[in-house]
Amino acid sequence: MGIAQQIDYFFKSTGQTVFIEAEAKESRMRNFIAEYNSRLSENLNIADEGIISLENDANKWGLELRCYFNDRNGFPGGVQITSNRAYRPEYSYRFNDVDVIWDLFNLGYRIGIN
0 MGIAQQIDYF FKSTGQTVFI EAEAKESRMR NFIAEYNSRL SENLNIADEG
50 IISLENDANK WGLELRCYFN DRNGFPGGVQ ITSNRAYRPE YSYRFNDVDV
100 IWDLFNLGYR IGIN
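Residue numbers are given in numbering that gives the first Met the number 0: position 94 of the sequence shown equals residue 93, and the series is strictly consecutive.
If you want it as structure tokens, here you go:
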């Protein structure tokens, strides 16, 4: 079982709500949204909750995908979890991993509340 499947099992077995968001400069975000919609047959747009589109002159490189949650007790190894203080204060923890979160998208997770 891959790490995304282990995380999916963990979230389902703990019954917790998770929130996934994407952050990038506007030009990169538009590319991400087009890929997301094409791969997942969705209709996400730049104004949707969970999308953070930065000015193109922002000091940010690339796309960041973040997954927020509250209970890390028993969370699978292999992904670095950080305490969440700066973003989405209703969630205690988060991890940032583009590849793992794309795998979660393929398992049915979406930008926003899951």
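Glycine included, each C-beta is placed from N, C-alpha and C at the ideal position.
- With contact defined as three or more Cβ pairs closer than 8 Å, the stretch 7 to 14 and the stretch 38 to 45 are not in contact.
- Around the C-beta of residue 19, 16 or more other C-beta atoms lie within 10 Å, and the residue is accordingly described as buried.
- With respect to the 8 Å criterion, residue 110 and residue 49 are classified as neighbours on the basis of their beta carbons.
- Around the Cβ of residue 108, a 10 Å sphere holds 16 or more other Cβ atoms; the residue is buried.
- Taking 8 Å as the cut-off, the beta carbon of residue 16 is found closer than this to the beta carbon of residue 113.
- Residue pairing by DSSP places residue 62 in no beta bridge whatsoever.
- About 22 Å separates the beta carbon of residue 2 from that of residue 22, a gap too long to meet the 8 Å contact definition.
- Assigned with DSSP and collapsed to three states, residue 29 falls in helix.
- Rounded to the nearest angstrom, the gap between the Cα atoms of residue 56 and residue 63 is 16 Å.
- As computed with DSSP, residue 68 is found in a beta bridge with 92.
- Beta bridge pairing from DSSP links residue 24 with 53.
- Under the DSSP assignment, residue 15 falls outside any alpha helix (DSSP H); it carries neither an H nor an E label.
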